[in-house]
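Worksheet: the structure to be examined is printed underneath.
In the numbering used here, the protein residues as written are 1321 to 1578.
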């Protein structure tokens, strides 16, 4: 989550990595004068599971959700298209109301983490990992409250681990692209394929079940049934298939036609 415009002069991100046991104070409620200010003039990048949850909550197709509520951009150092939430003309999040977030139970991962920021890394020396840091924006009075949290307890209270688990394959795609294929710029066909498989669950379902996909790839019958009937299973499968398409990994194998 980016800084509010009033805070952009002073970087609100504190460059100190936090551990799971780091203690911080924070509480957000309607009694605070800053209530809803963090939902204005923001940049929220959406993960695939964010979109799946919001699409289901709004009871619309992923095609419609992407068209109505998002815009595409390019993530630096990956050359991959990313999707972020499209703000209203006044800079507000499209889902914020006077009483708070209208999609609170299905709010994006970035919103769940706040006032924490998070990042992930992948390198040849240390392998994979993640880190956290505090975001201390001048307008936010929530960090003056007395309620104490550890990073671990905050993650638990916000239901973050479910999001991270279901986005795991996608996170790995981003990190692998950044580490090993950063200079490879996808052509238009590949970029559109990535956008569909990463973010458009309904489009990817059509691709799998209304094309020659299942005649070309060796997908076990049990997996076919799972991805036919479960959006989360289909989403994770889409990300595994992207590793084939982008990096040539053998996460989904072609059928032996010989």
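Even for Gly, the Cβ is constructed at its ideal location relative to N, Cα and C. Quantities reported herein were computed from a predicted structural model and do not represent experimental measurements.
Sequence-distant residues of its chain with Cβ nearer than 6 Å to residue i (five each side left out)
i, result
"residue 1538", "1573 and 1575"
"residue 1569", "1563"
"residue 1332", "1323, 1455, 1456 and 1457"
"residue 1356", "1416"
"residue 1505", "1399"
"residue 1523", "1516"
Sequence-distant residues of its chain with Cβ nearer than 7 Å to residue i (five each side left out)
i, result
"residue 1390", "1366, 1403, 1404, 1405 and 1406"
"residue 1346", "1435, 1462, 1463, 1465, 1467 and 1469"
CB contact flag (residue i, residue j, <8 Å)
i, j, result
"residue 1566", "residue 1493", "yes"
"residue 1385", "residue 1371", "yes"
"residue 1481", "residue 1472", "no"
"residue 1354", "residue 1461", "yes"
Same chain only: Cβ atoms within 8 Å of residue i, ignoring 5 sequence neighbours per side
i, result
"residue 1441", "1448, 1449, 1450, 1451 and 1495"
"residue 1426", "1373, 1374, 1376 and 1377"
Residue nearest to residue i in terms of C-alpha spacing, selected from the options
i, options, result
"residue 1369", "1554, 1561 and 1571", "1554"
"residue 1438", "1431, 1425 and 1453", "1453"
"residue 1341", "1490, 1470 and 1519", "1470"
"residue 1349", "1548, 1463 and 1540", "1463"
"residue 1498", "1411, 1424 and 1396", "1396"
"residue 1559", "1548, 1513 and 1542", "1513"
Identified DSSP bridge partners for residue i
i, result
"residue 1412", "1360"
"residue 1394", "1401"
"residue 1452", "1338 and 1438"
Buried/exposed call for residue i, threshold 16 Cβ in 10 Å
i, result
"residue 1508", "exposed"
"residue 1435", "buried"
"residue 1393", "exposed"
"residue 1419", "exposed"
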